[in-house]
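Q: Take a look at this one; I'll ask things after.
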Amino acid sequence: MRGMQMMGMGTLGLTLLAGCVSPTVHSERVDVVHNPELLRSCTLKGEGKYTAVGEKNALTMARNATAERGGNVLLVLAINKGESLTTEVHGKLYACERRP
Numbered sequence: 003m004r005g006m007q008m009m010g011m012g013t014l015g016l017t018l019l020a021g022c023v024s025p026t027v028h029s030e031r032v033d034v035v036h037n038p039e040l041l042r043s044c045t046l047k048g049e050g051k052y053t054a055v056g057e058k059n060a061l062t063m064a065r066n067a068t069a070e071r072g073g074n075v076l077l078v079l080a081i082n083k084g085e086s087l088t089t090e091v092h093g094k095l096y097a098c099e100r101r102p
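In structure tokens form, the structure reads like this:
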């Protein structure tokens, strides 16, 4: 019985963590791309790996980081599923001129 309670607590913890990553106002304007050819005229702002419970949360973390560094485009290099329901997004952060 105690094992079942502990397992339930672990599942509850993961469920709570899964909803913890929120987009910032600026990151909602960050575009996510997979084709580096689209970024020829853009400025590289950085590169990083972002890990969270669930792909959506990891992408949100990466988009938040892109906006924090002054970027507006995230180039996704890889998305890796880890252990314990985690996902890692590896990406490059770019600032690109917006077209009207």
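Numbering-wise, our numbering comes out as the position in the sequence shown, counting from 1, plus 2. Each residue gets a CB set at the ideal place from its N, CA and C atoms; glycine is no exception. Computed from a prediction, not measured in an experiment: that's the story for all the values here.
#1: What residues are listed by DSSP as bridge partners for N66?
#2: What are the boundary residues of the beta strand (DSSP E) that E99 is part of?
#3: Whose C-beta lies closer than 6 angstroms to the C-beta of G73 among residues of the same chain, with five residues either side of it excluded?
#4: For V23, I'd like the list of residues in its chain whose CB is within less than 6 angstroms of its CB, leaving aside the five on either flank, ordered along the chain.
#5: How should N37 be labelled, buried or exposed, when 16 other C-beta atoms within 10 angstroms of its C-beta is the threshold for buried?
#6: Helix, strand or coil for L61? Go by DSSP, reduced to three states.
#7: Could you work out which residue in R101, L76 and I81 is closest to H28 when comparing CA atoms only?
#8: Could you check if N82 is buried or exposed, using at least 16 other CB atoms within 10 Å of its CB as the buried criterion?
A: The short version:
#1: By one-based count along the sequence shown, residue 66 stands at place 64. In DSSP, N66 forms no bridge with anything.
#2: As a first step, residue 99 must be located in the sequence shown, where it is residue number 97. It is not in any beta strand (DSSP E) - E99 carries neither H nor E in the DSSP assignment.
#3: Taking the sequence shown and counting its residues from 1, one reaches residue 73 at position 71. Excluding positions up to five away in sequence, the list reads K47, L95, Y96 and A97.
#4: Here the question's residue 23 lines up with position 21 in the sequence shown. Once the five neighbours on either side are set aside, the close Cβ partners of V23 are A54, N59, T62 and M63.
#5: Numbered from 1 along the sequence shown, position 35 holds the residue referred to as residue 37. It is exposed - the Cβ of N37 has fewer than 16 other Cβ atoms within 10 Å.
#6: Working through the sequence shown from its first residue, we reach residue 61 at position 59. Helix, per DSSP.
#7: Stepping through the sequence shown from its first residue, residue 28 is reached at position 26. Of R101, L76 and I81, the residue nearest in Cα terms is L76.
#8: Numbered from its first residue, the sequence shown carries residue 82 at position 80. Label assigned to N82: exposed.
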